[in-house]
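Residue numbers for the sequence shown follow full-length UniProt numbering, so the first one is 1 and each next one is one higher. All C-beta atoms in this analysis are idealised placements derived from N, C-alpha and C, irrespective of residue type, glycine included.
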Amino acid sequence: MTEIFKELGFTKQKCETCGNEFWSIPERSTCGDAPCDEYEFIGNPATEKGYDLFEIQKSFREFFEKNGHTQVSRYPVLAKRWRDDVFLVGASIYDFQPWVTSGLVEPPANPLVIAQPSIRLNDVDNVGRTGRHMTCFTMGAHHAFNSLDNKIYWKDNTVKLCHDFIASIGIDPAEITFIESWWEGGGNAGPCYEVCVRGVELATLVFMQYKILPNGDKEEIPIKTVDTGYGLERFAWISQGTPTAYDACFTPVIDKLKSITNIDVDENILAENAQIAGMMDIETFADIRSLREKVANKLNISIDELLKSTEPMEAIYVIADHTRCLAFMLADGIIPSNVKEGYLARLVLRRTIRFMKELEMKESLSYIMEIQLDFLSKFYPEIKDSHDHIMNIISLEEERYAKTIDKGNRIVKRTIKNLKKQNKDLMPVETLIDLYDAHGMPPETVKEIAESIYDENEFKVNIPDNFFTLVANQHSEEGIISGSELKLDYPPTDLLFYDDFHISNFEAEILDIVEKNYNKNYNNEDKKENNQENNQEDNQEDNKEDNSSNIDKKNQFSIILDQTAFYPEGGGQPSDIGYLTIKGKRIEVIHTEKIGDVVLHNVLADEDIDYFKNDLDIIGEEINGKINWERRISLARNHTATHLIIAAAKKVLGNHIWQAGAQKGLKRSRLDLSHYKRITQNEIDKIEKIANALVMDNIILDINWMNRDEAEKKYGLTLYQGGVVPGSVIRVINIPDVDVQACAGTHVSQTGEIGLIKINKTERVQDGVERIDFSAGLAAVESMQSNDEFLRKSSDVFKVTSKQLPKTCERFFTEWKSYKNELNKLKSEIANLKINNLEDNLEEFNGLRILKQVIDGDIKELQKISTDFTDNNKADIVIIGNEDGKIVGAASKIAIDKGIKINEIIKESSAILGGGGGGRPTLAQGAGPKTDKITEAVDFAIEIIKNI
1 MTEIFKELGF TKQKCETCGN EFWSIPERST CGDAPCDEYE FIGNPATEKG
51 YDLFEIQKSF REFFEKNGHT QVSRYPVLAK RWRDDVFLVG ASIYDFQPWV
101 TSGLVEPPAN PLVIAQPSIR LNDVDNVGRT GRHMTCFTMG AHHAFNSLDN
151 KIYWKDNTVK LCHDFIASIG IDPAEITFIE SWWEGGGNAG PCYEVCVRGV
201 ELATLVFMQY KILPNGDKEE IPIKTVDTGY GLERFAWISQ GTPTAYDACF
251 TPVIDKLKSI TNIDVDENIL AENAQIAGMM DIETFADIRS LREKVANKLN
301 ISIDELLKST EPMEAIYVIA DHTRCLAFML ADGIIPSNVK EGYLARLVLR
351 RTIRFMKELE MKESLSYIME IQLDFLSKFY PEIKDSHDHI MNIISLEEER
401 YAKTIDKGNR IVKRTIKNLK KQNKDLMPVE TLIDLYDAHG MPPETVKEIA
451 ESIYDENEFK VNIPDNFFTL VANQHSEEGI ISGSELKLDY PPTDLLFYDD
501 FHISNFEAEI LDIVEKNYNK NYNNEDKKEN NQENNQEDNQ EDNKEDNSSN
551 IDKKNQFSII LDQTAFYPEG GGQPSDIGYL TIKGKRIEVI HTEKIGDVVL
601 HNVLADEDID YFKNDLDIIG EEINGKINWE RRISLARNHT ATHLIIAAAK
651 KVLGNHIWQA GAQKGLKRSR LDLSHYKRIT QNEIDKIEKI ANALVMDNII
701 LDINWMNRDE AEKKYGLTLY QGGVVPGSVI RVINIPDVDV QACAGTHVSQ
751 TGEIGLIKIN KTERVQDGVE RIDFSAGLAA VESMQSNDEF LRKSSDVFKV
801 TSKQLPKTCE RFFTEWKSYK NELNKLKSEI ANLKINNLED NLEEFNGLRI
851 LKQVIDGDIK ELQKISTDFT DNNKADIVII GNEDGKIVGA ASKIAIDKGI
901 KINEIIKESS AILGGGGGGR PTLAQGAGPK TDKITEAVDF AIEIIKNI
C-alpha cells in the first residue's frame, strides 16, 4: 500500500496536534484537516479556475469516464424505492445496498461513477450557521465491487485516481494530505483515507472489507467494495474561495433572495465565521454558541452585534439549502405527511417557512420555490418535468400549514394551562417535541403563544438549539419487523402454481409435520377491512370461505410437502385454502404460509399431530391436494386489477403515484396510493374508465423470472411499486405498455379474464396516502347491483324515479334544514320565556343567589338557561334538571371564589340518578337512568352547596 504513495512522492508523517498518521508530499507538522489546520482557501482559492457545482460535477464524471468508469445516473433520494431499512439516500453507496454489496446481484456497471444527491438531516440545525453544513449535498463517487473471480481495483488504484482527479482540476498535489483512518457503518467496516486540502476534507476513500458480527468481531465479506465519497459542493467552494459553501453552490438563488429581502451582507463576518467554524467539530449547538463567541471576540464586537449581522444571511442560506432539498424530495416521489419520509419532507418545508417568517418575507413559499426550480431545472431535467407536481404540493402544504397553526393555537394554550395546573413553570422538551410531532406546531410559535399568556417568570418555553435535529433523528430509519422465529431445515418447496396457474389438483410427498403458534385470523385481512362497511352483507361470501372460526374446535398443525399448488400468503394476497387427502382421510387446509423457501400447510383435523405422525406413519407418504379454485381465480382477478388501477391512477393523477400498501380480497380489495390531496370523484371516474378499457383490450401478461440486475436495467426501480422483494432472481409481471412490477402473487393470463372493475369508494387513511376500495369480476357486478338496489329503495321511499332522486333529496334536505332552524328558534324563544318565569324563584344563601328547579326542556335548554343566569349576573348558582334524568349546574365567578366546585357537585348528584357527570368549574352536566329521583338529585346538590 505504501508503494503508490512513494511513487507519487508522498511520505508518511504524524500530526503533532491530533496524533493521526498521514501521507503528504512536503514535510509538515499537521495533518491538513481542521481543527489541526485552518481553512486557507477563503479569499484564496485553491484553483486558478473557479468551478460552480455543476461544472465540478461534469469534470468529476468526465475524468472517471476517461479512466474506465461507466457513468450511472443518479438514484432517487427516496431509498425506500429499493430497500426497506432507511427512508432517504444518505450517501452514494446506499444506491447499491444491500443487493450489490452483498453479491446477490451484479452492479449496474463495474467500476462506475455517479454524482448522487444525498440527504442528511442529523445536523439540520447547523445548516446556514457554519458555512458548510447542508441538508442536501452531491456526493461524487467512483465505486468498484471486487469479487473472488472479478477483481476490479483496490487501494492503490483508488488513491491514484483520487490524486489524479484533484490534480486535474488545478489543485497542487503538494497541498493534498491522505489521513489514515478507519470506517464503520451499516454493519460493515474497513480502513479508509480522509483526503484534505487547505484545512477542509474533500473526500473519503473507504475500503469496505469486513462485516461486523453481533459479538463485535469482524468477518471478511466476499464482495470487497471501494466506497468513495467526494463532497462536490466543497470542491466548488475551495475552487472559488467564497465566504461559505452556500455562496459557491447556490449563487443565483442567494442573489435573488438577497434582492427580495434587501439584506446588507458583511462578507468579512461571514468569512471569519466559516474560518473559525472550520476549526471546530460542530456536533451540538453548544459548539455553535462557542463558535459565536469566538467570532465575536475575533472581530471585537458583541454577540448581539454579530447576530444582527449574521442571522438574516444565515436564514437566506437555510432557505436556499432547504428549497433545494425539497426539490429533490418532491421530484423523487416523497409526499409530505406526518409519518416516515413524508414527515422529514414536511419538517424541511416548515423550517423553510419559519425562516421566511424571521426575514419578514411577504412572498409565498411557492414564489421562492419557483426561484429554486428555475435554477435546478437547467441541470436536472427530471426536476423540470416535475415542476407542476412540486408546485401543487408546495401550494397545498402552505395552506395546510396556516390551518395547522390556527388549530394548534388552541391546543398549545390548553397544554400550557394543564402544565400550570400541575404547578410547572417550564415546558418539558418532550412536550415541545410532541406538540410539533402530533400537531405540527413549531417551537417558536409555541414560545410566542406562551409569552402572550404569561410573563417569563410565570411560565417559560426554552427551545433546544438542536430541536429539529432531535426531531429528525427520531424519524430517520424504518422500523424493520422481524421475521418468523421458526427455523425450518427442509428442501425448498416446489411451487407448482408458477408453472401452471390453472392447476387445482396435485400429488406430493409429505416431508414432515410440525407444530407452531397459530394466528387465528388467517386470510381475514380482507374481511376485517370490509367489515368496516355499514353493510356487511357484501362480505358474507368471504366469511363462508374463512374457516378459521372452527380452529378452537379442532387440532392444528402444519404439513410440509415437497411440492404444492397452494399459494402461500404474501404481498397483500391471502393464501389458497382447500384440502389434503392422506391415506383416504381428507384434512382441511385453512391457510398456507412461506417461511424462507418452505411452505407450511396449516390444517385442521379431528385427531392430534401424534396420530398422524405415529399411528398413520404418514411421513414420506404420497398425498393428493386440492385447492379452492373459485377463491384462487377471484384473488388473481383482484391482484391483476390492482396493477391496472395503479397504472390508471398514474395516468390521471401523475407519475408520483406509488403503491403504499395493498390487500386483495374476494369481494373487495384495497389499494393505498401516495398522493398529496383527496382524489376527486371525477378523477375516480377517469381511473375506473381507463382500468376497464385495459380489461377490454385483453392484454396478454408477460410473466418471467429475471436476474434482478437485468430487470432493473430494463425496467428501473418502478419494479418495486408493490414493495421491495428479496432475492437475486425476481418474478416480473409485465402488462406490456401498461405496468411492470416485481410480484410473486397469482395473476390471470390476460386482462380480459378480470371482468368488470368497480371502484367502490376512496378514503384518506393517513396524511399523504389515499385508499381506493374496489371490486373485480363478479364481485364488481354484485357491487353495482347493490348500488342499484340502494337507489331503487331510496326512490321508492320518495315515490320518484332514480333520475328524480337527487333533486328530491336536495329539496327534502333543504326543507328539513329550514324546519330545524325554525325549531331551534322556537326552542330559544321558549327558553327565554322560561328564564323570565324562573327569575322569581331565586333564593339567597350566604350571600349567593341560588336557582333550583326541575323544568320541561332538553339538555341544550338546561345549559342555555343556566349560563344565561350566571353569565348575566342574574344568579350565582343554578341547579336545574328535567324529567329525563338530566341535571345541569352553573356557577358565577363569585360562587367559584367562595369555593363552589360545580363540576364536583354535579358529579355527586348524578350518582343519585344512577349515572355520572362532570364538566368545567363554570358549567357541568350529568345524567342517569333513575329519572324518578331528579328532584332528590337537585335537592342534594343544594344541600352540598349549603354545607360548604
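Rounded Cβ spacing between residue 770 and residue 679 (contact assumed at less than 8 Å)
5 Å
Tell me which residues share the same chain as residue 338 and place their Cβ nearer than 6 Å to its Cβ, disregarding the 5 neighbours each side in the sequence.
767
By the DSSP assignment, the alpha helix (DSSP H) with residue 670 in it spans what residues?
Taken as a continuous stretch (DSSP letters only), residue 670 belongs to no alpha helix (DSSP H), being part of the beta strand (DSSP E) at 669-674.
Under the three-state reduction of DSSP, which class applies to residue 589: helix, strand or coil?
strand
Tell me whether residue 949 is buried or exposed, calling it buried when 16 or more other Cβ atoms sit within 10 Å of its Cβ.
Only positions 1 to 948 of the chain appear in the structure, and residue 949 is not among them; the question remains open.
Quick one, which of 581, 594 and 622 has its alpha-carbon nearest residue 604's?
581
Residue 527 versus residue 574 - alpha carbon distance
Note that residue 527 scores 43 on pLDDT, short of 50, meaning its location in the model is unreliable; the coordinates nonetheless yield the value given after this. Distance between the alpha carbons of residue 527 and residue 574 is about 11 Å.
Report the CB separation of residue 637 from residue 577 in whole angstroms; it is logged as a contact under 8 Å.
About 17 Å; that fails the 8 Å criterion.
Using 8 Å as the cut-off, can you tell me whether the stretch 366-379 makes contact with the stretch 244-258, which would need three or more C-beta pairs spanning the two stretches below that distance?
yes
Following the continuous beta strand (DSSP E) through residue 23, name the residue where it begins and the one where it ends.
21-24
Enumerate in chain order the residues of its own chain whose CB-to-CB distance from residue 699 is below 7 Å, with the five nearest sequence positions on each side excluded.
735, 736, 738, 750 and 751
Do the stretch 824-835 and the stretch 879-892 make contact, defined as three or more Cβ pairs closer than 8 Å?
no
DSSP beta-bridge partners of residue 81:
Answer is none; residue 81 lacks a bridge partner.
Please say whether residue 135 and residue 387 have beta carbons closer to each other than 9 Å?
no
Secondary structure at residue 630, three-state DSSP: helix, strand or coil?
helix
Taking buried to mean at least 16 other C-beta atoms within 10 Å of its own C-beta, is residue 192 buried or exposed?
buried
Using the Cβ count rule (16 or more neighbours within 10 Å means buried), how would you classify residue 412?
buried
Taking the alpha helix (DSSP H) that residue 962 falls in, what are its first and last residues?
The structure shown has nothing for residue 962, since the chain only spans 1 to 948.
Considering Cα atoms alone, identify which of 248, 350 and 244 is closest to residue 310.
244
To the nearest angstrom, report how far apart residue 864 and residue 849 are at their CA atoms.
18 Å
Please confirm whether residue 81 and residue 333 have their CB atoms less than 9 Å apart.
yes
Bounding residues of the beta strand (DSSP E) (the contiguous stretch that carries residue 352):
Premise fails: residue 352 lies in the alpha helix (DSSP H), 340-358, not in any beta strand (DSSP E).
Go through its chain and collect everything with a Cβ distance to residue 230's Cβ below 6 Å, but skip five positions before and after it.
140 and 203
Let me check understanding here. Comparing Cα to Cα, which of 857, 795, 91 and 107 lies closest to residue 72?
107
Pair every Cβ in the stretch 810-817 with every Cβ in the stretch 844-861, then say whether three or more of these pairs are closer than 8 Å.
no
Suppose contacts are defined by Cβ-Cβ distances below 9 Å. Is residue 262 in contact with residue 221 by that definition?
no
Pair every Cβ in the stretch 204-214 with every Cβ in the stretch 16-33, then say whether three or more of these pairs are closer than 8 Å.
no
Go ahead and pull the three-state DSSP assignment for residue 950.
No answer is possible for residue 950: the residues shown for the chain start at 1 and end at 948.
Near residue 694, which residues of its chain fall below 8 Å by C-beta distance, leaving aside the five closest residues on each side in sequence?
644, 647, 648, 735, 738 and 751
Return yes when the Cβ of residue 916 is within less than 9 Å of the Cβ of residue 924, no when it is not.
no
Would you tell me roughly how many angstroms separate the C-alpha atoms of residue 426 and residue 436, rounded to the nearest one?
17 Å
From 355, 579 and 596, residue whose alpha carbon lies closest to that of residue 588:
579
Among 718, 733, 722 and 675, nearest to residue 701 - alpha-carbon criterion:
733
Does the pairing of the stretch 53-65 with the stretch 145-152 give three or more beta-carbon distances under 8 Å?
no
What span of residues does the beta strand (DSSP E) with residue 225 cover, start to end?
218-231
Tell me the residue span of the alpha helix (DSSP H) that contains residue 414.
387-421
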